[in-house]
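Quick note: the sequence shown uses my numbering, first residue 1, plus one each step.
What follows is a short report on a single structure.
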Amino acid sequence: MLKEFSITLVQCPCWGRETPPLAISLLAGNLRNKGFSVNLFDFNNELFHKVSDDIKRQWSQEAYTFWSSETSVKGLMEEYSEEVDDEVRRIIETGSQLVGFTVYFTTKNYTLEIIKRLKVRSPDTTVILGGPSTAEYAGGLELLKNPCVDAIVLREGDETLPELCTAYKEKGRFVSIPGLVFKEGEEIIHGGIRNPVPSLDALPFPDYSGFDLAQYASPERLDIFSSRSCVNRCYFCDERKYFERFRVRSGKRIFEEVQHNLTLFPHLKFFNFSDSVLNGSLKTLREFSELLLQNNVRIAWGGQAIVRKDMSPELLSLMAKAGCTYLSYGIESGSDAVRKSMNKGRFTTEAAAQVLRDTHNAGIKAYANFMFGYPTETEEDFLMTLDFIRQNHAWIDGVSPSQSFIVIVPNTYLYENPDEFGVETHMHHLFWQTANGENTYPARFERYERFCRLCIELGLGGVGVTEEKIDKWKLLGAYYRHKKAYDTALECYKKDIVKHGYSAESVKFFLECSRQGEGIDLSDPYRGLDKLIFYYEGAVKFLKEEIVAEKRQHERQLELLRKNIKRRDQEISTLNEKLAQEMAKT
């Protein structure tokens with residue numbers, strides 16, 4: 001007897017855990033609306049509740065680098081192997097023919113490890129990956145080289161996923177459709193790129209049934225969205241490449257979703273707009289605000305916004321009355337020249353100050369986002385950013401300094417045109433530098449820290465505002481290791497261990513992250529000083545051995561290169577002598 005067709009959608013760590021995940025909930029709502037049986041698992045939130053307090057800190061936004069490290073994530077999954085195996089068991093017990101995972105750069109390593117375990121125990125289960133990390137420009141097609149990945153969904157999955165489920169349910173296999181790339185034997189079948197969803201209003205509401213909101217960090221909050229893509233085309237951003245053209249929902253449709261969720265979850269008090277730009281359409285914003293007021297719906301809401309001259313005090317006042325409690329503006333720099341170089345020159349520094357003032361005065365918390373070390377940013381430009389904070393801090397309620405400073409993301413204009421910005425061609429996304437050697441990762445780090453110190457001095461808080469970044473020395477260690485400055489890298493790694501207080505737990509954590517745990521018994525719960533020093537010295541010992549080995553390998557490569565150059569020089573010298581002899585004969 002054939003099993004009933006179903007699909008399971010999974011959210012792996014690490015992702016935000018304020019609310020149930022919007023992406024798989026939206027896909028589930030769409031699939032269930034079309035009659036499909038869907039199972040949802042949020043292993044991200046579940047695992048958080050099972051790990052030790054020392055590991056829980058890895059869910060903070062400041063610790064995002066942990067999850068992008070394959071070694072770190074494998075170490076965590078080995079430590080909590082029973083919990084991971086239980087996740088696999090629960091997926092298998094659904095009996096679903098298809099299992100889909102939403103993949104972001106912070107969830108990729110965990111996802112790839114869990115599907116490997118899934119395929120060992122259930123080789124016939126078909127695995128599909130979707131999300132930003134499956135985009136072609138993000139190396140999505142490379143994921144198909146993984147033997148555990150059967151298919152990837154490109155870009156938006158709202159229409160692709162129901163179509164592929166229909167085909168799989170009827171034929172027991174994939175068929176070529178736009179937006180789907182899959183394996184068929186040794187062949188890769190590429191269905192082409194699907195056009196963006198034309199009407200966001202036509203999408204069913206996200207389905208959060210099955211999630212216990214009480215288990216989340218913000219149980220009285222849900223995520224919602226007003227648009228996809230962005231009205232801007234910033235050179236550092238890939239939003240327009242992923243979602244293509246800007247599309248917006250009507251204020252009426254957003255309001256209906258709020259009412260729908262309040263019916264299901266009457267305790268809700270806050271709706272967070274998760275899209276990149278809440279105020280891309282002022283018409284939608286006004287309509288939504290007016291409907292809330294007309295129907296006496298008492299909620300709080302807010303989201304990311306762009307600086308617009310037409311964000312009038314009147315509109316901001318209306319939004320505040322309708323429950324808008326915060327707007328976070330992407331200002332990025334206090335320099336008009338830098339923003340122009342970002343293709344973000346639609347507003348002046350003066351206009352940014354005005355909209356922050358108007359927002360604050362309307363009773364809405366005004367937040368501001370900033371970057372550091374854009375390729376064209378000079379010291380003078382950066383000082384303009386500091387001046388902007390000094391001059392406007394009275395109506396800035398919080399700041400969000402970019403903790404990666406400025407990442408050069410594939411498929412962005414900045415990535416595709418490095419020469420235009422003076423960036424070295426063979427760049428590392430995080431550790432890139434300008435060709436003149438002035439704009440380096442440590443230089444950007446130093447500007448970030450100066451910015452944070454000023455904010456602390458002025459009493460401005462926000463995510464990322466800290467006296468010392470939690471993973472500072474780990475990041476700098478990775479940078480100097482990338483630059484093959486091994487001695488400096490080792491000193492940075494030592495400081496990272498010291499920073500975490502010599503605790504056995506944190507050193508154990510460090511060892512697992514660095515593949516340096518061989519030969520040390522980490523199971524002893526004893527926490528005496530001698531044992532702590534033993535852990536610390538063991539960590540340094542093994543790390544130093546690895547760094548020294550890598551340094552020696554690099555030196556051997558250089559020596560081999562020198563020998564090759566010397567040999568070539570000798571060959572050239574011999575040829576020149578022969579040539580001279582031949583010419584002498586003639």
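We treat Cβ as the ideally placed atom computed from N, Cα and C, and that holds for glycine.
Given this structure, state the Cα-to-Cα distance separating residue i from residue j, to the nearest angstrom.
i: Leu141; j: Tyr242; result: 15 Å
i: Asn44; j: Cys12; result: 5 Å
i: Tyr502; j: Phe372; result: Summary for Tyr502: the model assigns pLDDT 41, below 50, so the residue's position carries little reliability; its value from the coordinates is reported in the next sentence. Straight-line Cα distance between these residues: approximately 32 Å.
i: Gly519; j: Asp150; result: Confidence at Gly519 is low in this model, with a pLDDT of 38, below 50, so the placement of that residue is unreliable and no value is reported for it.
i: Ile364; j: Leu98; result: 45 Å
i: Phe66; j: Val73; result: 7 Å
i: Glu438; j: Phe405; result: 15 Å
i: His267; j: Phe182; result: 43 Å
i: Thr71; j: Asp496; result: 17 Å
i: Glu287; j: Asn261; result: 19 Å
i: Lys566; j: Leu560; result: 10 Å
i: Lys50; j: Asp42; result: 13 Å
i: Lys484; j: His429; result: 17 Å
i: Tyr275; j: Thr376; result: Contrary to the premise, residue 275 reads as Asp rather than Tyr in this sequence. Computed Cα separation, rounded: 28 Å.
i: Glu379; j: Arg339; result: 15 Å
i: Leu490; j: Leu285; result: 52 Å
i: Glu186; j: Pro204; result: 37 Å
i: Gly192; j: Lys494; result: 49 Å
Give the secondary structure of residue i by DSSP, where H, G and I count as helix, E and B as strand, and everything else as coil.
i: Gln570; result: helix
i: Leu327; result: strand
i: Tyr367; result: strand
i: Val84; result: helix
i: Arg228; result: strand
i: Ala151; result: strand
i: Trp301; result: strand
i: Asn44; result: helix
i: Ser317; result: helix
i: Pro401; result: strand
i: Asn592; result: Summary: the structure shown does not reach residue 592, with the chain confined to residues 1 through 586, and so no result is reported for it.
i: Gln294; result: helix
i: Pro525; result: Confidence at Pro525 is low in this model, with a pLDDT of 35, below 50, so its placement is unreliable and the value that follows should be read with caution. Coil at Pro525, not helix or strand.
i: Phe288; result: helix
i: Lys469; result: coil
i: Ala267; result: It should be noted that the sequence gives His, not Ala, for residue 267. The answer is coil: DSSP assigns His267 none of H, G, I, E or B.
Since residue i and residue j should fall inside the 8 Å C-beta cutoff, what is the C-beta to C-beta distance between them, to a whole number of angstroms?
i: Lys469; j: Gln403; result: 7 Å
i: Ile408; j: Met427; result: 6 Å
i: Arg221; j: Phe270; result: 4 Å
i: Leu316; j: Tyr367; result: The pair is not a contact, with the Cβ atoms about 14 Å apart (cut-off 8 Å).
i: Ser96; j: Asn30; result: Wrong, their Cβ atoms sit about 17 Å apart, outside the cutoff.
i: Ala305; j: Glu18; result: About 19 Å separates the two Cβ atoms, so there is no contact after all.
i: Asp223; j: Leu22; result: 4 Å
i: Ile128; j: Val153; result: 6 Å
i: Phe273; j: Gly302; result: 7 Å
i: Glu416; j: Phe370; result: About 24 Å; that fails the 8 Å criterion.
i: Tyr235; j: Asn411; result: About 12 Å separates the two Cβ atoms, so there is no contact after all.
Pick out whichever of the options has its Cα sitting closest to the Cα of residue i.
i: Gly251; options: Ala300, Leu200, Val231, Tyr486; result: Leu200
i: Gln294; options: Gly323, Asp150, His267; result: Gly323
i: Leu180; options: Asp207, Leu144, Asp212; result: Leu144
i: Glu239; options: Val84, Glu79, Asn261, Tyr413; result: Tyr413
i: Gln471; options: Gln553, Cys492, Lys484; result: In the sequence as presented, Gln is not what sits at residue 471; that position holds Asp. Minimum Cα distance to Asp471 is reached at Cys492.
i: Glu257; options: Arg233, Ile299, Gly280, Cys237; result: Ile299
i: Glu79; options: Asp54, His393, Ala584; result: Asp54
i: Gln259; options: Arg233, Leu291, Leu285, Cys234; result: Leu291
Excluding the 5 residues preceding and the 5 following residue i in the sequence, name in chain order all residues of the same chain whose CB lies nearer than 7 Å to its CB.
i: Asp310; result: Leu282
i: Ala28; result: Leu9, Val38, Leu40, Asp207
i: Thr359; result: Leu316, Leu327, Ala366
i: Ser229; result: Glu239, Arg240, Phe243, Glu244, Arg245, Phe246, Arg247
i: Glu4; result: Ser37
For residue i, I'd like the list of residues in its chain whose CB is within less than 6 Å of its CB, leaving aside the five on either flank, ordered along the chain.
i: Thr425; result: Pro418
i: Val84; result: Met77
i: Glu582; result: none
i: Glu62; result: Ile470
i: Leu476; result: Cys492
i: Gly462; result: Gly398, Val399, Ser400
i: Leu386; result: Leu454
With a CB to CB cut of under 8 Å and the five nearest residues on each side skipped, what residues in its chain are close to residue i?
i: Ile389; result: Gly334, Ile396, Val399, Phe451, Leu454, Cys455, Leu458, Leu460
i: Asn436; result: Gly422
i: Thr348; result: Asp336
i: Ser25; result: Leu40, Pro206, Asp207, Tyr208, Phe211
i: Trp15; result: Pro21, Asn44, Tyr104, Thr106, Thr107
i: Ala443; result: Gly373
i: Pro132; result: Val103, Tyr104, Phe105, Ala138, Tyr242
i: Glu467; result: Cys452, Arg453, Ile456
May I ask you to check if the CB of residue i is nearer than 8 Å to at least one heavy atom of the ligand HEM?
i: Ile115; result: Questions concerning the ligand HEM fall outside what the structure shown contains, since it holds no ligand whatsoever.
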